[in-house]
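The opening residue of the sequence shown carries number 123 in our numbering; numbering runs sequentially from there. The C-beta atom is built at its ideal place from N, Cα and C for all residues, glycine as well. None of the values given here were measured: they were computed from a predicted structure. Notes for the one structure printed next.
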Amino acid sequence: MDNINEPTFLREFFPEKYLKIIEMDQEETQICIHMKSITTHCRCHKCGTLSSTYHGTYTRRVQDLPILGKTVRLEIKAREYHCTNDKCDVTTIAESFDGFLDPYSRMTERCADFICTLALETSCEGCSRICNKLGIRISGDSVIRLLIKRYEALDSPIVGEAVGIDDFAYKKRNTYGTIIVDERTHIPVTLLDGRDGESLREWLKNNKHIKVVTRDRASAYAKVIAEELPDAMQVADRFHLHQNLLEAVKKALNQYLPATITIPHEKDSTDLEATCKKNRNRCG
Ligand SMILES: [Zn+2]
123 MDNINEPTFL REFFPEKYLK IIEMDQEETQ ICIHMKSITT HCRCHKCGTL SSTYHGTYTR
183 RVQDLPILGK TVRLEIKARE YHCTNDKCDV TTIAESFDGF LDPYSRMTER CADFICTLAL
243 ETSCEGCSRI CNKLGIRISG DSVIRLLIKR YEALDSPIVG EAVGIDDFAY KKRNTYGTII
303 VDERTHIPVT LLDGRDGESL REWLKNNKHI KVVTRDRASA YAKVIAEELP DAMQVADRFH
363 LHQNLLEAVK KALNQYLPAT ITIPHEKDST DLEATCKKNR NRCG
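Below is the structure:
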């Protein structure tokens, strides 16, 4: 193991105001950067109170973006502070170093950003495989958990007066969900469990301002919308109108066309032979 003292060139990649690099260990596959917190106060992540009441020191081991294909681990001597707000139920505050590291995360925020971007462009399992090749240790399940955590931290989007509702499969013929999209922004507003309409009913109860609902042909949705939003206009979307039309045409044709149509193979093969013979004569 190589020990590199005072790796000054790395300082600019970390929040110098809050963290001081002590030393760096380099192994065959990973680099460990030892750091210590130099903060004097911390803001409570729940109530926002700024506290300088020191509680204790502990070691945090987190993962950062790899360097030249080597896994990077940070070993941080971090501080905890007491939340001095009597009305807040948080007793000890873990540092976030100005957004560099989430209080309870096991990786830096820039590392989490990279994983989420890659997962959204590929898949959770694909992202995990690529990350492991690059030197970021993460499983497919952890990628899913990270995406869910990021999604839950988002502010609830404002829902307009027109929405589109459709079902989708988590696993075909097994587990289904319902997606609601804002028609104006084309941004998904929420995902609900099931497609029997019950979760939709609960959601509509909190969104009575909706005036137009575009939906598929599922009668479950139609019934729930009519009951919860009796004044809302229900619109069948173009995809499902096409599907309806094609089904009607297929049904009509099936009534007139026989189930099997025989193709006269013998005649076709005789014609084909004659054509080939003619071509052969032409080409010599
Ligand atoms: Zn607090």
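Proximity test, residue i beta-carbon vs ligand 1 heavy atom, cut-off 7 Å
i	result
K168	yes
C210	yes
N207	yes
P214	For the record, residue 214 in the displayed sequence is Thr; it is not Pro. Flag unset: Cβ of T214 not near ligand 1.
T175	no
T171	yes
For residue i, the first and last residue of its enclosing alpha helix (DSSP H)
i	result
K192	Counting along the chain, K192 falls outside any alpha helix (DSSP H), though it belongs to the beta strand (DSSP E) covering 192-204.
L276	It is not in any alpha helix (DSSP H) - L276 carries neither H nor E in the DSSP assignment.
K373	360-378
R337	Per DSSP, R337 belongs to no alpha helix (DSSP H); it is in the beta strand (DSSP E), 334-337.
K327	320-327
Contacting residues, own chain, Cβ-Cβ under 8 Å from residue i (five flanking each side not counted)
i	result
K255	none
Same chain only: Cβ atoms within 7 Å of residue i, ignoring 5 sequence neighbours per side
i	result
R116	In this structure the chain extends from 123 to 406, so residue 116 is not present and cannot be described.
R182	I198, A200
I301	D288, F290, P310, L313
F131	none
P188	V194, L256, G257, I258
C166	S173, C205, N207, C210, V212, I215
C238	L268, L269, R272
V265	I237, A241, C246, C249, S250
D318	A342
R133	I143
Status (buried if at least 16 other CB within 10 Å, exposed otherwise) for residue i
i	result
S261	exposed
D220	exposed
I347	buried
T193	buried
F135	exposed
L367	exposed
A374	exposed
E350	buried
T230	buried
V371	exposed
L121	This structure cannot settle anything about residue 121, because the visible part of the chain is limited to 123 through 406.
Extent of the continuous beta strand (DSSP E) run through residue i
i	result
Y343	That residue, Y343, is in no beta strand (DSSP E); its alpha helix (DSSP H) goes 341-350.
K293	284-293
D304	297-304
V311	310-315
Sequence-distant residues of its chain with Cβ nearer than 6 Å to residue i (five each side left out)
i	result
M355	V334
G286	V303, E305, T336
S321	L314, D315
D186	V194, L196, T230, C233
H156	I144, E145, E197
Y298	D289, A291, R317
field: beta strand (DSSP E) runs contained entirely in the region 204-266, provided each spans 3 or more residues
entry: 214-216
task: Would you list, in sequence order, the uninterrupted beta strand (DSSP E) runs of no fewer than 3 residues that lie entirely inside the region 132-191?
output: 141-148, 152-159, 176-189
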